[in-house]
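A.B. asks:
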DNA sequence: GTCTATAATCTGATAGAC
DNA sequence: GTCTATCAGATTATAGAC
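Residue numbers (this note's numbering), protein chains in the order written: chain A, 1 to 218; chain B, 219 to 436.
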């Protein structure tokens, strides 16, 4: 219902102390929402608990977010902004050879997902009942995924199907790890092997020199 | 902890008409639960709706299942029994060459999952709030997964890590398909490519027919 | 075996006082 | 901006009549 003109990842700077305080509270609420959701599951978030967690009545939360879905939406957006930051943080691997860089990226992606399974579910699965991201937040998601595609391009992989395949492989490993062995590393140990396997298929030119093809090293 | 001797998939036969009718009603309730869950999501199941769907009051459902979790548990078990039947139905591919059989199996697995996304979530993801399968149902799941491992063994793949990797790849493709492109085939089209890729890694001997095998024989 | 009645609790959300 | 009060409903589950 509200005007959804907000351009992705471009929050207007607060205009005064009032607005600054308000933004701070919004951030605090969002942060509390993440804590609750990690403890009770994505669908288990309730406005009551959320209010209590920030020292308010549930009703007061509505002064900051107009609905529960708006909170999910803000979490979705924030999650993708974190994913964006994650991508940017990988820039320091630009010096690595493409194959090594790909391997590095794979491990980092796996870590990004498994360190916060709930965030992973919110961003990459459709597990939440009636929630659909707003156009604005979805636009952020698409932008970030485009940047991920750029990362693939940087190591010479531009075929969209190849990128889909690679992402599917890593999300598959991730979700198996989260669902079936959350405390250990049964699938994490397969990341290297998956990388080698993928390289053969989608970037064989990267292997034409000295082919290390290490398997199973952690 | 409990005696896990209970042999999966061996319900005692009903002892009389009374019990037969009761079992029929239980089946009817379960079937209605699947319908509801497909429409409203796994977590959206309510006893009210379920009762209404079978022409009862919600309270009467408790005469057949002692709790909502018991219904989830029965669905979990039934899902794995269907998966078991799915495996058995693949026996007619025994005549195929191993690589072709593997390919066939991959496509069938993808179909099994995508034709009922909710079942897929219940069986292979941990998306449901507070539900844990009972020891009995979990034993069924383990048995069926063992049979799946036997299928891999039949085409010469016995390394547990290799099986984990293959399953992760196919569940990854599946869940991407379900979450991001439910009406079309963006990831389904990648199944063949994934199969080829996997074969190179985990069963190269199946591809060595035309080249001098210098890797050593079995 | 199904019902009515109801407990006990949770939910998201709104109105309006201060 | 936070509160009280409250709506209007949902939920699972139990007790006991018939």
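We treat Cβ as the ideally placed atom computed from N, Cα and C, and that holds for glycine. Quick caveat: nothing in here was measured; it's all calculated off a predicted structure.
#1: Would you mind sorting residue 257 of chain B into buried or exposed? The rule is 16 or more other CB atoms within 10 Å of its CB.
#2: Could you spell out where the alpha helix (DSSP H) holding residue 376 of chain B opens and where it closes?
#3: Which same chain residues end up closer than 7 angstroms to residue 342 of chain B when comparing Cβ atoms and leaving out the 5 residues on each side of it in sequence?
#4: Between B/367, B/248, B/413 and B/382, which has its C-alpha nearest residue 181 of chain A's C-alpha?
#5: Per DSSP, what kind of secondary structure is residue 298 of chain B in: helix, strand or coil?
#6: Look at residue 127 of chain A and residue 42 of chain A and say whether their C-beta atoms are less than 8 angstroms apart.
#7: Would residue 379 of chain B pass as an interface residue toward chain A - the criterion being a Cβ-Cβ separation below 8 angstroms?
#8: At the 8 angstroms Cβ level, is residue 355 of chain B part of the contact set with chain A, yes or no?
#9: Report the rounded CA-to-CA distance for residue 204 of chain A versus residue 333 of chain B, giving the unit in angstroms.
#10: Mind checking the stretch 18 to 43 of chain A against chain B and listing, in chain order, the residues whose C-beta falls within less than 9 angstroms of any C-beta there?
#11: Is there a Cβ of chain A sitting closer than 8 angstroms to that of residue 344 of chain B, yes or no?
#12: Buried or exposed for residue 324 of chain B, going by 16 or more other Cβ atoms inside 10 Å?
#13: In chain A, which residues lie less than 7 angstroms from residue 412 of chain B when you measure between Cβ atoms?
#14: Can you name, in chain order, every residue of its own chain whose Cβ lies under 7 angstroms from the Cβ of residue 73 of chain A, other than the five neighbours on each side?
#15: Quick one: does residue 386 of chain B have its CB under 8 angstroms from some CB of chain A?
#16: Would a C-beta distance cut-off of 8 angstroms place residue 317 of chain B and residue 425 of chain B closer than the cut-off?
#17: Please return the same chain residues whose Cβ sits closer than 7 angstroms to the Cβ of residue 278 of chain B, not counting the five positions on each side in sequence.
#18: Please identify, using Cβ separations under 8 angstroms, the residues of the stretch 274 to 295 of chain B that lie next to chain A, in order along the chain.
C.D. replies: Straight from the coordinates:
#1: On the second chain, residue 257 of chain B is found 39 positions in, with the first residue counted as 1. Burial call: exposed.
#2: Start at 1 with the first residue of the second chain, and residue 376 of chain B comes out as number 158. Note, residue 376 of chain B: premise wrong, no alpha helix (DSSP H); not H, not E.
#3: What you label residue 342 of chain B is simply residue 124 of the second chain in a count that begins at 1. Cβ neighbours of residue 342 of chain B beyond the five flanking positions: 389.
#4: Within the first chain, the letter at position 181 stands for residue 181 of chain A. Checked all of B/367, B/248, B/413 and B/382; the closest Cα to residue 181 of chain A is B/382.
#5: One-based indexing of the second chain puts residue 298 of chain B at position 80. The answer is helix: DSSP assigns residue 298 of chain B an H, G or I state.
#6: Indexing the first chain from 1 puts residue 127 of chain A at position 127. Indexing the first chain from 1 puts residue 42 of chain A at position 42. Yes, the pair counts as a contact, with Cβ atoms nearer than the cut-off.
#7: Translated into the one-based positions of the second chain, residue 379 of chain B becomes position 161. With 8 angstroms as the cut-off, residue 379 of chain B counts as an interface residue toward chain A.
#8: In the second chain, counting from the first residue as 1, residue 355 of chain B sits at position 137. The C-beta of residue 355 of chain B comes no closer than 8 angstroms to any C-beta of chain A.
#9: Position 204 of the first chain holds residue 204 of chain A. Position 115 of the second chain holds residue 333 of chain B. Whole-angstrom Cα-Cα distance: 34 angstroms.
#10: Answer set for the stretch 18 to 43 of chain A: 40, 41, 42 and 43.
#11: As a first step, residue 344 of chain B must be located in the second chain, where it is residue number 126. It does; some Cβ of chain A falls within 8 angstroms.
#12: To locate residue 324 of chain B, count along the second chain from 1; it is residue 106. Looking at its Cβ environment, which holds 16 or more other Cβ atoms inside 10 Å, residue 324 of chain B is buried.
#13: Start at 1 with the first residue of the second chain, and residue 412 of chain B comes out as number 194. By Cβ distance, chain A contributes 165.
#14: Taking the first chain and counting its residues from 1, the one referred to as residue 73 of chain A is at position 73. Same-chain partners within the cutoff: 133, 134 and 137.
#15: For the purposes of this step, residue 386 of chain B is taken as the residue at position 168 of the second chain. Residue 386 of chain B counts as touching chain A.
#16: The count along the second chain starts at 1 and reaches residue 317 of chain B at position 99. The count along the second chain starts at 1 and reaches residue 425 of chain B at position 207. Yes, the pair counts as a contact, with Cβ atoms nearer than the cut-off.
#17: As a working mapping, residue 278 of chain B is identified with position 60 in the second chain. For residue 278 of chain B, the CB contacts under 7 angstroms within the same chain, skipping 5 residues up- and downstream, are 269 in chain order.
#18: Within the stretch 274 to 295 of chain B, no residue has its Cβ closer than 8 angstroms to any Cβ of chain A.
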